[in-house]
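*Asks:* One structure, pasted below without further comment.
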Amino acid sequence: LAEKGIKPSYTRIRIYETLKRFYGQHPSADDIYHALIPELPTLSKTTVYNTLKLFEKAGLARVLNDENEARFDINASDHGHFKCHSCGMIFDFSIEAEKIEYSGLANFIITEKSVYFKGICSECRENKNFNNVEGGSDL
Ligand SMILES: [Zn+2]
Ligand SMILES: [Zn+2]
């Protein structure tokens with residue numbers, strides 16, 4: 048954290064470690080709060096949220112908006128997300144961000160590229176019958 052110019056207080060370190068523990072799961076600030084409250088009973092949700100936003104600004108984490116709740120992601124590299132309509136899990140998948148073709152953004156500064164797919168994950172597909180939504184998703 049210190050490397051990124053963040054004063055490493057105990058609380059910040061614990062929030063960072065918890066975010067790491069949730070790697071690949073895209074926790075909300077609430078999830079982090081509930082995971083830490085047994086050991087840090089004085090922690091507030093605002094502190095957790097502000098700390099996570101601080102990590103985002105420092106490039107330590109990414110934020111993705113899942114409907115109205117921000118989800119945090121310790122994986123700050125370019126990668127795609129797949130949200131399952133059935134279990135609500137958000138999965139990471141690899142993309143080659145440089146190869147995404149787009150137009151209409153001449154003179155824009157792009158700071159981040161994200162790809163967001165939605166559908167049914169393989170596990171839910173195996174467990175239930177989701178034939179009605181098959182057909183794949185396009186960009
Ligand atoms: Zn699923
Ligand atoms: Zn992710």
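Per our numbering: the sequence shown = residues 48 to 186. Glycine included, C-beta positions come from ideal geometry on N, C-alpha and C.
1) Mark Lys92 as exposed unless 16 or more other C-beta atoms lie within 10 angstroms of its C-beta, in which case mark it buried.
2) Between the Cα of Cys131 and the Cα atoms of Asp125, Leu87, Ile142, Asp113, which residue gives the shortest distance?
3) How about Pro63 and Leu48: are their beta carbons less than 8 Å apart?
4) Report the partner residues of Ile137 according to the DSSP bridge assignment.
5) Beta-carbon distances below 6 Å to any heavy atom of ligand 2 define the shell here; list its residues in chain order, please.
6) According to DSSP, is Glu148 part of a helix, a strand, or is it coil?
7) Distance, Cα to Cα, Leu107 vs Ser133?
*Replies:* So, to answer that:
1) exposed
2) Asp113
3) Looking at the sequence provided, one finds Tyr at residue 63 rather than Pro. A contact, by the Cβ cut-off of 8 Å.
4) Lys130
5) His73, Asp120, Asn122, His126, His128, Asp139
6) coil
7) 30 Å
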